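Quick notes on the structure that follows.
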Amino acid sequence: MKNVVLLEKVSTQELNELIEKKINSSMDWLLIELKKDRSLISRKRACKMLNVSIPTIAKMTKEGRIEGYRLNGEVKYKLCDLEGYIKSCSMIFEEFNNDDSSF
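Numbering (numbering that gives the first Met the number 0), first residue to last: 0 to 102.
In structure tokens, the structure reads:
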């Protein structure tokens, strides 16, 4: 059975304000949680870590290969996500080298 909410005598404006308030509350919570995470690093530092340019890391983020978090107008990356990406790349490289040795 679906949850149903009946709104009586609530104007569209009031409903919009309630929804906006709830969304803002959720976003504030997310922002606080992201700020607590000390392992967030800047885009510039992430580029150095991955040895890529800013346009490349932006493309990687857009393609979903790594996840970026917008925080106060800046994109931040979780250190553990970048470490995981590097590890997955090194595993692929190792598999490629192992397959290549059979020639």
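Just so it is clear, CB atoms sit at the ideal spot from N, CA and C, and this is done for glycine as well. All figures in this text were calculated on a predicted structure; none of them were measured in a lab.
Here the region 2–22 does not lie against the region 48–57, with fewer than 3 beta-carbon pairs under 8 Å apart.
Per the DSSP secondary-structure output, Ser41 pairs in a beta bridge with Lys75.
Among the bridge pairs identified by DSSP, Tyr68 is matched with Lys75.
When DSSP states are grouped into helix, strand and coil, Ser87 belongs to the helix group. In the three-state DSSP reduction, Ser52 falls in the coil class, being neither helix nor strand.
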